[in-house]
Each structure stands twice: as C-alpha cells, then as structure tokens.
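Residue numbers (the UniProt record's numbering): 1 to 509.
Heads up, the beta-carbon is just placed ideally off N, CA and C, and yes, glycines get one too.
Notes follow the structure.
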C-alpha cells in the first residue's frame, strides 16, 4: 500500500526567494553540494520535473533542460549576503506574485546595489536604468530630465512613508503595455543616431576577469570553442555580459578544478568601466581622444591595443555588438569620468549621444547578433545557433563539447535558428508560435523592432525530424501567431541588415 504524507505550512512559515523561483544546482561555495529548495509554495507543482532535472544534474554535471532561471548561480555573491537586498526583493516578488508580467517591467526593490563610475553623470542626463545582476545599467534616456531610482517604499505599506514625485516609477508605468511603449520614438532616435552618426553605450556592468598561470593557454583551448592562439603563460582578459557573469565565473572555476589546470581567475569587474563608442563617425571622434592610428590597416576589426585616452591608459578593442564601426574602451575605475568627458567633448560636433540597452537590443537583433538566454541557452548548440564559425572544428585542438558538435554535424541538424521579419508594425516579445505551411515547427525566442529596416524582427528555432536544412527554410510559407492572430512572416537565413558585414569593417557605401 502506498502511503502519502503531506505537510501543510502556515503563510508566516513559508519561504520565498528573491525572484520567486527555486534555488537549484551546485552551490558556488561547496563542490558536490546541490540545492533543490525555495519552491515558494509551488513544490507540489514543480517538484517532479525539477527533481528529475536535479538528479541528471548531480549524475552528469548538468541538467538536460534549460534550468538557467532556477540555477542558484543567477545571483551575484555580493547580493546573497546582503540582508537589505534579500528582504526588499523577496517582499516585492511576493507582492507581485499574481501581477500581470509585462515585457519591460523592472523591480523597484533593492536598487542601486551596484553602480559604475558613470552612474551619477548619466542619471543627470536622464538615464532610465535597468537592473541586471544587481548592477544599474542604462536602459534608455528620457528627454524630460533625471528620473533617479528611489529607495524602496514597500508600495506605501506598513505605515511607512511613500515616495513622492517618483518619476522613475511613473516611467515604468508607461511601460505596462503589450503595445509599443510611449517612448518608442526615443528608442528610434537612439538607434538611428548610432546607425547614422555616433552613440556612446555604457557597458560597465560586464564581468571582467583575468585568466593567468602556467596552464592558461591549455585552459583557454579547452574552455573556449574559438582558436585563442596565444603563447603559453599569457594572460587572458575575459569580458562577459554582466547578467551571466556569476554563472560564467563559477563554470570556469569548476572546469579549472576538474581538469587540474594550474591557473588563477581574478575578478576585476568592480575595478573597471567599459564604454562602447559606435557608429559611422566613431573613428573621427576617437581619433581625437586616443593616441593611436585607428585606420583599418593599423587597427583592424577584432583586434585590441593598450593606448592612452586623454592621458589615461585604456584597453581599446575594435568590436561591435550593434553592427557598426566602433570601439570598446575598457577603463580603470579612476579614469572613467575623464575619458568619458573627453569622448563626449570630441563627439559634440558630430552630434554624439548617450544610448542604452534598449537600443542595443534593437540594433543587435537587426544585425543578427545572439543574446545569451534568449537566442542562446544551455540546451542549444553553436551549430543550431548559426555560430559554427566560432568553433575551431577545422583544427585538431580538443575543446569542451567538441565530440557532441562533431556527432551533430555528422548526423545533420534537426533544428536551427531562423530570422523572421513582419511588415506589420506590431510588437512581438518571444514565445510566439512559428508555423510552416500551417504546421507548428517552433516558437520565437527573442523579438524587437528594427528601426533601420523598419520592421519587426524575431528569431526562433524551428524543428524538422528529417533535417532543418536551408532548403526547408527557403521552401516554407511561414506565419507567426501573436495573441491568437497570425501574421505573414518572411524567413531569412542571413541578417536582413548588412548581410555582407561591411559596416563593422568601416565600409560605408
């Protein structure tokens, strides 16, 4: 006879996590200690599937499905020991448990925990911030003056004082829509200025790690799919998106330990700022600031140099995540504001502007650049994501996951990512169904409006058991379903914007 024992918890004894999601996976502090807790009164609903994935995690080192949203490594270590952050964010998560989830909502609780050197000057210029991994990063820039994030007022509960003149909360309220937001035209201005002139993006929330030691070359070969081509003993500088910095930090340290590499990984995320200056006029602006030749011959795409900027030493990288000519400047913390002021002064005659991550989202999807945990998840492969060029498959160098990629390449792809455009000016947000000839074949992962091509752009994975090859894409008639309405979509195997990659090379016709 099967006997079931149930335990009922009173409301005051229930536990709720800071984002109302479970805590799962290997503890960052203790190898071999796994967590499966914090189910926020949803244990009966989530226990079966989470238990199965956790068992696979323990046995094989990773779950079968994408469990990133539940992975304990989604929280930065500076936050998990901060009682204010835990108390405020847990309260707000509980208070909003049954609220409608709008696409661009931001928390009001536990803000201003991690601020970069540009925070105050950008606030004064109307920056509307987003919170990621505890960092305040620029979302977009309001034309109506500063909208600082105020201290959490618990929504005016518990007889405490309620915030007044909360411009930030008022702006968020205008985002509570499934249509384009009221400041859609502001995002367009930021994007088009980058495409036609020059814009500055503060990307300081990135994780910045140094990997060094006798086995650094061997470790880099194993960790990274690309051919790093460095001499043994060299130091590697890793710049990683801030939202996944803690996850990457722990993953790298785990691999170093498991493989026995003699290496040191040092975190300098708080010690450095990062500016990205992008657009057709970026070279003209930076040539006045940097003491080096920025021509295509002297400073090719995907190279870097340590140079002086307004008398301060910085690392300049010719890279772009928006599809334009541009450079990233990685700057010691004390030098951030002088370098920023020099860039803005040199760019004034070129119409330089500050721009935020809402513009980056639009510009990057227009170019077809992948976003982690949207276009790319732990259960996707580089081949499926159209990133085979980042893998050193033509070499004989072993790397983590190479055997799986070789097998997948031999068997052929059953799923692949595809770009879709819709002529109607309607917003998509992800999870919309994808139909090919009236048959569902996948769903959208990420979408945004492309202001330069003037279309809604969406990326999603499509499946075909007989092979998701290019002909399967070309021969299909595709539609996307949004809120019960289907829209005709055009499928693209290449980005509809600058498919020949001329602009990142500084070639503007």
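Among the options, which residue has its Cα nearest to the Cα of residue i?
{"i": "residue 507", "options": "115, 280, 125", "result": "280"}
{"i": "residue 200", "options": "139, 257, 375, 146", "result": "139"}
{"i": "residue 264", "options": "295, 239, 215", "result": "215"}
{"i": "residue 322", "options": "445, 367, 347", "result": "367"}
{"i": "residue 429", "options": "39, 181, 118, 227", "result": "181"}
{"i": "residue 517", "options": "398, 462, 244", "result": "Since the first residue of the chain shown is 1 and the last is 509, residue 517 is not available in this structure."}
{"i": "residue 84", "options": "497, 111, 96, 500", "result": "111"}
{"i": "residue 425", "options": "370, 476, 482", "result": "482"}
{"i": "residue 255", "options": "501, 499, 498, 31", "result": "31"}
{"i": "residue 544", "options": "384, 95, 403, 57", "result": "Nothing can be reported for residue 544, as the shown portion of the chain is limited to 1 through 509."}
{"i": "residue 219", "options": "260, 55, 442", "result": "260"}
{"i": "residue 247", "options": "477, 486, 29", "result": "29"}
{"i": "residue 236", "options": "211, 249, 257", "result": "211"}
{"i": "residue 70", "options": "25, 90, 91", "result": "25"}
{"i": "residue 478", "options": "497, 444, 357", "result": "444"}
Does residue i pass the burial test, meaning 16 or more other C-beta atoms within 10 Å, or should it be called exposed?
{"i": "residue 186", "result": "buried"}
{"i": "residue 493", "result": "exposed"}
{"i": "residue 272", "result": "buried"}
{"i": "residue 334", "result": "exposed"}
{"i": "residue 45", "result": "exposed"}
{"i": "residue 488", "result": "exposed"}
{"i": "residue 59", "result": "exposed"}
{"i": "residue 33", "result": "exposed"}
{"i": "residue 6", "result": "Legend: pLDDT at residue 6 = 37, less than 50; position of this residue unreliable, value from coordinates given subsequently. Result: exposed."}
{"i": "residue 289", "result": "buried"}
{"i": "residue 130", "result": "buried"}
{"i": "residue 51", "result": "exposed"}
{"i": "residue 309", "result": "buried"}
{"i": "residue 297", "result": "exposed"}
{"i": "residue 382", "result": "buried"}
{"i": "residue 594", "result": "Since the first and last residues shown for the chain are 1 and 509, residue 594 lies out of range."}
{"i": "residue 3", "result": "Residue confidence for residue 3 is low, a pLDDT of 35 falling below 50, so the modelled location carries little weight; the figure read from the coordinates is stated next. Label assigned to residue 3: exposed."}
{"i": "residue 116", "result": "buried"}
{"i": "residue 320", "result": "buried"}
{"i": "residue 504", "result": "buried"}
{"i": "residue 37", "result": "exposed"}
{"i": "residue 341", "result": "exposed"}
{"i": "residue 15", "result": "exposed"}
{"i": "residue 370", "result": "buried"}
{"i": "residue 73", "result": "buried"}
{"i": "residue 152", "result": "buried"}
{"i": "residue 484", "result": "exposed"}
{"i": "residue 23", "result": "buried"}
{"i": "residue 234", "result": "exposed"}
{"i": "residue 8", "result": "At residue 8, the pLDDT of 39 sits below 50, so the modelled position is not reliable and the matter cannot be decided from this model."}
{"i": "residue 459", "result": "buried"}
{"i": "residue 17", "result": "buried"}
{"i": "residue 278", "result": "buried"}
On the premise that residue j lies in contact with residue i, defined as a C-beta separation below 8 Å, what is that separation, rounded to the nearest angstrom?
{"i": "residue 252", "j": "residue 207", "result": "Wrong, their Cβ atoms sit about 10 Å apart, outside the cutoff."}
{"i": "residue 525", "j": "residue 205", "result": "Lying before the first or after the last residue shown, residue 525 is absent from the chain, which here runs from 1 to 509."}
{"i": "residue 242", "j": "residue 137", "result": "7 Å"}
{"i": "residue 329", "j": "residue 363", "result": "Not confirmed; about 19 Å, so no contact."}
{"i": "residue 78", "j": "residue 19", "result": "Between residue 19 and residue 78 the Cβ distance is about 16 Å, and since that is not below 8 Å, they are no contact."}
{"i": "residue 134", "j": "residue 113", "result": "4 Å"}
{"i": "residue 399", "j": "residue 221", "result": "6 Å"}
{"i": "residue 513", "j": "residue 457", "result": "Since the first residue shown for the chain is 1 and the last is 509, residue 513 is missing from the structure and cannot be characterised."}
{"i": "residue 191", "j": "residue 55", "result": "46 Å between Cβ atoms; not a contact."}
{"i": "residue 209", "j": "residue 266", "result": "7 Å"}
{"i": "residue 325", "j": "residue 282", "result": "5 Å"}
Q. Touch check for the segment 162–181 and the segment 92–105: three-plus C-beta pairs under 8 Å?
A. yes
Q) What are the start and end residues of each continuous alpha helix (DSSP H) run of 4 or more residues lying completely inside the segment 335–397, in chain order? A) 336–347, 357–367
(Q) Please give me, in chain order, every unbroken run of the alpha helix (DSSP H) with length at least 4 that falls completely inside the segment 386–452. (A) Segments of the alpha helix (DSSP H) lying fully in the segment 386–452: 402–411.
**Q.** Start-end ranges of the beta strand (DSSP E) lying completely within the segment 113–138, minimum 3 residues
**A.** 127–132
Q: Evaluate contact between the segment 423–440 and the segment 385–398, counting only Cβ atoms and requiring at least three cross-stretch pairs below 8 Å.
A: no
Q) Fully enclosed by the segment 273–341, which alpha helix (DSSP H) runs are 4 residues long or longer? A) 282–287
Q: Scan the segment 140–183 and note each continuous beta strand (DSSP E) run of 3 residues or more that stays entirely inside, going in chain order.
A: Segments of the beta strand (DSSP E) lying fully in the segment 140–183: there are none.
Q: Say whether the segment 463–474 touches the segment 405–421, bearing in mind that this needs 3 or more beta-carbon pairs closer than 8 Å, one atom from each stretch.
A: yes
(Q) Does the contact criterion of 3 or more C-beta pairs under 8 Å hold for the segment 124–143 versus the segment 449–463? (A) no
Q. Is the segment 301–315 in contact with the segment 156–170, if contact means three or more CB pairs nearer than 8 Å?
A. no
Q. Does the segment 370–378 come close enough to the segment 56–72 to have 3 or more Cβ pairs within less than 8 Å?
A. yes
Q. Curious, which full-length alpha helix (DSSP H) runs of at least 4 residues does the UniProt domain "FAD dependent oxidoreductase central" (60–114) contain?
A. Within the UniProt domain "FAD dependent oxidoreductase central" (60–114), the complete alpha helix (DSSP H) runs of at least 4 residues are 77–80, 83–95.
Q | Entirely enclosed beta strand (DSSP E) segments - the segment 195–235, minimum 3 residues | A | 199–202, 207–212
Q. Using 8 Å as the Cβ pair cut-off and three pairs as the minimum, do the segment 219–228 and the segment 348–356 touch?
A. no
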